[in-house]
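K.L.:
As you go down the protein sequences, you meet chains A and B in turn. Under my numbering, residues 4 to 245 are what the first sequence spells out, in order. Under my numbering, residues 530 to 710 are what the second sequence spells out, in order. I'd like to ask some things about the structure below.
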Amino acid sequence: MSNNKNIKKMFQKEFDIEIMKQRILNKERKKGMNFKNIFKWSVAPICLGAIISGVLLFNNNKELRSNIYEPNIEPKNNVSMYINDVSKMMVGSLKIDADIKVVDGVNVPYDESMNFIEKLSLPKDFKGENDLKKDILEVVYTNKDKTDNSYTYLNNFIYTVYSNSDERNIEIQFSKENKPIRDYLFSEEGSKLSKINDLELRIYKYDKVYFTEFNYQGINFDIETTNINEQELTDLLLSIIK
Amino acid sequence: MIDQETLKTFDKLYYESYNDVLKYVVCNCSNIEDTKDIIQNVYLEVIKKIKKDANFEITKGYIMGITKNKVKDYYRFNYKNKILSLFSNKDNIDLLDQTSSDFDLQDSFIKETDLDIVWKYLKEKSGIIPKIFYLYYYADYGIKDIAEYLNINESSVKNNLYRTLKELKTLLNIGGDENVQ
């Protein structure tokens with residue numbers, strides 16, 4: 004292939020129209036959630052107690068409330084999953100104020116915390132010919148303090164992989180030293196823990212998005228998936244938490 | 530969240546305008562690494578407008594207006610490094626004119642496996658070089674059109690292309706002028 008075709012291919016890859024679109028829509032989705040969360044917290048405190056109590060687990064007959072459920076997945080002895088569905092509740096969420104800069108991780112030297120990437124269990128439509136994936140590695144930098152504008156402190160990495168159709172994706176933030184930065188959180192109060200290979204974690208669901216965060220083998224993980232089903236989520240988590 | 534109606538409108542505008550927005554941002558940003566951030570900001574603004582006023586007709590011209598503003602806005606914040614143009618004074622242009630122009634632009638030495646190295650190299654060059662490469666190799670502009678679009682002279686375009694390709698050849702250990710720095 005000539006220089007022309009190869010260099011053109013390089014630019015096409017760097018500025019892929021579909022990957023860029025997914026990035027934009029992901030950002031918009033997160034923005035939209037922040038707005039709703041802030042609005043909810045502006046409700047008078049007297050209502051807050053009533054809303055939070057709606058997330059409580061059981062009624063007298065020990066049935067799960069409709070907003071916390073066991074997913075329909077292949078049963079395994081080492082997996083006990085509960086999905087905390089916050090789609091209709093939209094409560095218990097906190098906003099973190101952080102200044103960050105995200106850059107492509109092309110020039111970042113390999114770190115042992117990245118070892119899990121090659122072993123990830125991904126849905127079939129996330130791999131193209133020759134097992135090639137549509138994926139991006141990014142680096143999140145923060146300021147050391149409010150007076151510093153240099154954004155030189157490496158906080159965490161973000162690994163994102165897309166399905167061939169770009170309609171589904173998995174985003175994994177990870178770091179050995181720091182907690183990955185999230186621009187919204189869900190309160191643990193009233194939510195139910197899952198357990199995978201003896202590791203306890205909480206899994207939340209908002210519409211078609213699943214979130215979870217945990218520490219495994221000294222690495223802090225923060226995972227967000229879009230449009231993947233519960234079995235695929237389970238398989239993904241099992242490929243990380245062994 | 531983004532509803533289906535908004536997404537449908539966004540999709541149409543996005544695919545119609547993306548190449549023009551990309552070209553403008555690449556050619557007007559200080560550092561090609563900033564391109565994705567700026568493009569993201571442009572289209573987030575477009576989505577905001579779609580949601581705010583469903584009756585407002587968003588044209589490509591309107592989107593290009595947003596793009597120009599977003600490029601300006603982006604460099605108001607100090608954390609971005611400003612890359613000085615290599616052509617900030619005439620002496621630099623004269624030096625480049627001494628570069629041999631017998632280098633063959635059609636010479637094929639860059640392989641697919643070299644592309645990460647090439648991209649890293651281009652990102653680190655001064656502001657004008659990635660723009661020239663983008664317009665020449667991706668947008669299929671001729672030398673004259675590149676000169677016109679970037680408002681520089683044709684010899685500057687040629688010399689930057691020749692010089693950078695020679696440097697890449699050295700970098701990729703294929704040979705070339707060892708005196709090129």
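Positions of the beta carbon are idealized from the N, C-alpha and C atoms, including for glycine. Quick caveat: nothing in here was measured; it's all calculated off a predicted structure.
For residue 225/A, is the classification buried or exposed, using 16 other Cβ atoms within 10 angstroms of its Cβ as the cut-off for buried?
P.N.:
That one is buried.
K.L.:
According to the neighbour-count rule (16 or more other Cβ atoms, all chains shown, within 10 Å of its Cβ), is residue 194/A buried or exposed?
P.N.:
Residue 194/A should be labelled buried.
K.L.:
Under 7 Å, CB to CB, which of the residues in the segment 661-687 of chain B have a partner in chain A?
P.N.:
Going along the segment 661-687 of chain B in chain order, one finds 662, 663, 666 and 667 with a Cβ nearer than 7 Å to chain A.
K.L.:
Can you check whether the C-beta of residue 573/B is within less than 8 Å of a C-beta belonging to chain A?
P.N.:
Output row for residue 573/B: interface = yes.
K.L.:
Tell me the residue span of the alpha helix (DSSP H) that contains residue 15/A.
P.N.:
Residue 15/A -> alpha helix (DSSP H) spans 6-17.
K.L.:
What residues of chain B sit near residue 250/A, judged by a beta carbon separation below 7 Å?
P.N.:
The requested residue 250/A is not part of the displayed model; chain A covers only 4 to 245.
K.L.:
Taking only the alpha-carbon atoms, compute the straight-line gap between residue 545/B and residue 573/B and give it to the nearest angstrom.
P.N.:
Distance between the alpha carbons of residue 545/B and residue 573/B is about 16 Å.
K.L.:
Are the C-beta atoms of residue 600/B and some chain A residue less than 8 Å apart?
P.N.:
Chain A contact via Cβ: absent.
K.L.:
Kindly indicate the opening and closing residues of the alpha helix (DSSP H) around residue 125/A.
P.N.:
Residue 125/A -> no alpha helix (DSSP H), and no H or E assigned at all.
K.L.:
Which bits of chain A does residue 638/B rub up against, with CB to CB less than 8 Å?
P.N.:
The contacting residues are 6.
K.L.:
Are the Cβ atoms of residue 219/A and residue 243/A separated by less than 8 Å?
P.N.:
Their beta carbons are under 8 Å apart, which means residue 219/A touches residue 243/A by this criterion.
K.L.:
Return the residue from the list 138/A, 116/A and 78/A that minimises the CA-CA distance to residue 25/A.
P.N.:
Ranking the options by Cα distance to residue 25/A, first place goes to 138/A.
K.L.:
Among 134/A, 115/A and 10/A, which residue has its Cα nearest to the Cα of residue 124/A?
P.N.:
Per the Cα distances, 134/A.
K.L.:
Around the C-beta of residue 619/B, are 16 or more other C-beta atoms found within 10 angstroms, so that it is buried, or is it exposed?
P.N.:
Unreliable positioning characterises residue 619/B in this predicted model, as indicated by a pLDDT of 39, which lies under 50. The coordinate reading is nonetheless provided below. It is exposed - the Cβ of residue 619/B has fewer than 16 other Cβ atoms within 10 Å.
K.L.:
Who are the near neighbours of residue 580/B in its chain, counting only those whose CB is closer than 7 Å to its CB and skipping five residues on each side?
P.N.:
So the qualifying residues of the chain are 535.
K.L.:
Closest to residue 29/A by CA distance: which of 570/B, 564/B, 638/B and 679/B is it?
P.N.:
The shortest Cα separation from residue 29/A among 570/B, 564/B, 638/B and 679/B belongs to 570/B.
K.L.:
With a threshold of 8 Å between beta carbons, is residue 568/B in contact with chain A?
P.N.:
Output row for residue 568/B: interface = yes.
K.L.:
Mind pulling the chain A residues with CB within less than 8 Å of residue 531/B?
P.N.:
Those are 28, 31, 32 and 35, listed as they occur along chain A.
K.L.:
Output yes if chain A places a C-beta closer than 8 Å to the C-beta of residue 657/B; else output no.
P.N.:
Chain A contact via Cβ: absent.
K.L.:
For residue 239/A, name the three-state secondary structure that DSSP assigns.
P.N.:
Three-state DSSP puts residue 239/A in a helix.
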